[in-house]
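One structure is given below, encoded as structure tokens.
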Amino acid sequence: ETGVTQSPTHLIKTRGQQVTLRCSSQSGHNTVSWYQQALGQGPQFIFQYYREEENGRGNFPPRFSGLQFPNYSSELNVNALELDDSALYLCASSASQMETQYFGPGTRLLVL
Amino acid sequence: DQQVKQNSPSLSVQEGRISILNCDYTNSMFDYFLWYKKYPAEGPTFLISISSIKDKNEDGRFTVFLNKSAKHLSLHIVPSQPGDSAVYFCAASYTSGTYKYIFGTGTRLKVLA
Numbered sequence: 001e002t003g004v005t006q007s008p009t010h011l012i013k014t015r016g017q018q019v020t021l022r023c024s025s026q027s028g029h030n031t032v033s034w035y036q037q038a039l040g041q042g043p044q045f046i047f048q049y050y051r052e053e054e055n056g057r058g059n060f061p062p063r064f065s066g067l068q069f070p071n072y073s074s075e076l077n078v079n080a081l082e083l084d085d086s087a088l089y090l091c092a093s094s095a096s097q098m099e100t101q102y103f104g105p106g107t108r109l110l111v112l
Numbered sequence: 001d002q003q004v005k006q007n008s009p010s011l012s013v014q015e016g017r018i019s020i021l022n023c024d025y026t027n028s029m030f031d032y033f034l035w036y037k038k039y040p041a042e043g044p045t046f047l048i049s050i051s052s053i054k055d056k057n058e059d060g061r062f063t064v065f066l067n068k069s070a071k072h073l074s075l076h077i078v079p080s081q082p083g084d085s086a087v088y089f090c091a092a093s094y095t096s097g098t099y100k101y102i103f104g105t106g107t108r109l110k111v112l113a
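In structure tokens:
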């Protein structure tokens with residue numbers, strides 16, 4: 001059974017650019033949640049997708065957007081990057097909305 | 001407003017002894033709690049969870065205790081092993097609305113051989 005995978009592992013962008021991060025959910029999981037973890041902090045919830053629909057959003061601006069595909073993989077898009085967007089972005093999948101979330105290794109984004 | 005707090009940023013314990021990691025929360029609507037372990041350059045790994053209808057849950061060397069009246073939970077690791085050295089996050093959620101997790105800021109555990 002393959003776990004949650006994320007790509008790329010690391011990324012460097014400059015302010016104002018756009019970025020797309022990808023996540024493949026664990027086999028049999030239909031729910032994907034995205035979190036941002038800044039240095040020294042715990043992960044903060046960005047949004048969740050359940051069966052291709054957004055199912056809740058945290059306190060993040062609209063320039064953070066996402067998609068979930070029919071195979072339940074997901075993308076996180078961030079437009080107009082700011083320096084404060086530098087963080088580890090974590091994707092978690094679960095068998096359903098209320099099941100335990102299992103995390104991928106994360107994508108480390110650096111915005112210069 | 002930090003709804004989930006881990007007030008000890010770090011903890012050192014001798015191998016073989018008990019490690020106790022603490023977590024406090026402010027939102028009485030939380031009804032499900034989890035602990036994750038995180039090694040550098042890896043994502044958080046699920047350890048153990050507890051529903052608010054219970055006050056204790058055990059899984060091998062790991063036990064989580066929940067005190068709802070004090071809004072406090074703790075993770076006990078017995079016996080502690082050097083491989084347990086990692087950052088531990090507690091998380092809380094509620095089963096209404098989006099089932100999102102609210103995380104604490106983590107406690108770095110170092111188990112000394």
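First to last, the sequence lines map onto chains A and B.
Using the working numbering, the letters of the first sequence map in sequence onto residues 1 to 112.
Using the working numbering, the letters of the second sequence map in sequence onto residues 1 to 113.
All C-beta atoms in this analysis are idealised placements derived from N, C-alpha and C, irrespective of residue type, glycine included.
According to DSSP, which residues form a beta bridge with residue i?
{"i": "histidine 29 of chain A", "result": "Looking at the DSSP assignment, histidine 29 of chain A forms no beta bridge with any residue, so it has no partner."}
{"i": "phenylalanine 103 of chain B", "result": "B:Ala91"}
{"i": "tyrosine 35 of chain A", "result": "A:Phe45, A:Leu90"}
{"i": "phenylalanine 65 of chain B", "result": "B:Lys56, B:Ser74"}
{"i": "glycine 56 of chain A", "result": "Paired residue(s): none; glycine 56 of chain A is not in a bridge."}
{"i": "phenylalanine 46 of chain B", "result": "B:Tyr36"}
{"i": "aspartate 24 of chain B", "result": "B:Lys5, B:His72"}
{"i": "alanine 86 of chain B", "result": "B:Leu109"}
{"i": "isoleucine 12 of chain A", "result": "A:Leu110"}
{"i": "serine 51 of chain B", "result": "B:Tyr32"}
{"i": "serine 24 of chain A", "result": "A:Thr5"}
With 16 as the cutoff for other CB atoms within 10 Å, does residue i come out buried or exposed?
{"i": "serine 93 of chain B", "result": "buried"}
{"i": "tyrosine 99 of chain B", "result": "buried"}
{"i": "threonine 107 of chain B", "result": "buried"}
{"i": "threonine 26 of chain B", "result": "exposed"}
{"i": "isoleucine 46 of chain A", "result": "buried"}
{"i": "glycine 28 of chain A", "result": "exposed"}
{"i": "leucine 88 of chain A", "result": "buried"}
{"i": "tyrosine 72 of chain A", "result": "buried"}
{"i": "glycine 104 of chain B", "result": "buried"}
{"i": "tyrosine 39 of chain B", "result": "exposed"}
{"i": "leucine 112 of chain A", "result": "exposed"}
{"i": "glycine 16 of chain B", "result": "exposed"}
Starting from residue i and walking both ways along the beta strand (DSSP E), at which residues does that stretch end?
{"i": "lysine 71 of chain B", "result": "Unbroken run through lysine 71 of chain B: none, as it is neither H nor E."}
{"i": "glutamate 75 of chain A", "result": "74 to 78"}
{"i": "glutamine 17 of chain A", "result": "Counting along the chain, glutamine 17 of chain A falls outside any beta strand (DSSP E), and DSSP gives it neither H nor E."}
{"i": "isoleucine 46 of chain A", "result": "44 to 50"}
{"i": "glutamine 81 of chain B", "result": "Counting along the chain, glutamine 81 of chain B falls outside any beta strand (DSSP E), and DSSP gives it neither H nor E."}
{"i": "leucine 110 of chain A", "result": "107 to 111"}
{"i": "phenylalanine 64 of chain A", "result": "64 to 68"}
{"i": "serine 7 of chain A", "result": "5 to 7"}
{"i": "leucine 11 of chain B", "result": "10 to 14"}
Mind listing the chain B neighbours of residue i? Cutoff is C-beta to C-beta under 8 Å, in chain order.
{"i": "threonine 100 of chain A", "result": "Leu34, Phe46, Ser49"}
{"i": "glycine 104 of chain A", "result": "Gly43"}
{"i": "glutamine 68 of chain A", "result": "Those do not exist, as glutamine 68 of chain A stays about 14 Å from chain B at its closest Cβ, beyond 8 Å."}
How big is the Cα-Cα spacing for residue i and residue j?
{"i": "glutamine 14 of chain B", "j": "isoleucine 77 of chain B", "result": "12 Å"}
{"i": "threonine 20 of chain A", "j": "threonine 2 of chain A", "result": "22 Å"}
{"i": "proline 9 of chain A", "j": "tyrosine 50 of chain A", "result": "Going by the sequence as given, residue 9 of chain A is threonine instead of proline. Each residue's alpha carbon lies about 24 Å from the other."}
{"i": "threonine 5 of chain A", "j": "arginine 108 of chain A", "result": "13 Å"}
{"i": "serine 28 of chain B", "j": "asparagine 59 of chain A", "result": "21 Å"}
{"i": "serine 96 of chain A", "j": "serine 86 of chain A", "result": "30 Å"}
{"i": "glutamate 54 of chain A", "j": "serine 85 of chain B", "result": "36 Å"}
{"i": "tyrosine 101 of chain B", "j": "glycine 42 of chain A", "result": "10 Å"}
{"i": "phenylalanine 89 of chain B", "j": "glycine 106 of chain A", "result": "16 Å"}
{"i": "proline 9 of chain B", "j": "aspartate 55 of chain B", "result": "25 Å"}
{"i": "glutamate 99 of chain A", "j": "alanine 92 of chain A", "result": "11 Å"}
{"i": "phenylalanine 103 of chain A", "j": "leucine 21 of chain B", "result": "21 Å"}
{"i": "lysine 68 of chain B", "j": "lysine 5 of chain B", "result": "15 Å"}
{"i": "glutamine 44 of chain A", "j": "alanine 38 of chain A", "result": "8 Å"}
List, in chain order, every chain B residue whose beta-carbon is nearer than 7 Å to that of residue i.
{"i": "glycine 42 of chain A", "result": "Phe89, Phe103, Gly104, Thr105, Gly106"}
Whose Cβ in chain A lies nearer than 7 Å to the Cβ of residue i?
{"i": "glycine 60 of chain B", "result": "Going along chain A, no residue has its Cβ under 7 Å from glycine 60 of chain B, so there is no contact; the nearest lies around 17 Å."}
{"i": "lysine 100 of chain B", "result": "Ser33, Phe45, Gln48, Gly56, Gly58"}
Give the interface partners of residue i over in chain A, defined as CB-CB distance under 8 Å, in chain order.
{"i": "threonine 26 of chain B", "result": "Per Cβ cutoff of 8 Å: no residues; threonine 26 of chain B is ~15 Å from chain A at best."}
{"i": "threonine 95 of chain B", "result": "Met98"}
Quick one: list the residues of chain B neighbouring residue i, beta-carbon separation under 9 Å, in chain order.
{"i": "leucine 90 of chain A", "result": "Gly43, Pro44"}
With a cut-off of 7 Å, does the C-beta of residue i fall near any C-beta of chain C?
{"i": "leucine 83 of chain A", "result": "You won't find chain C in this structure, because its protein chains are A and B."}
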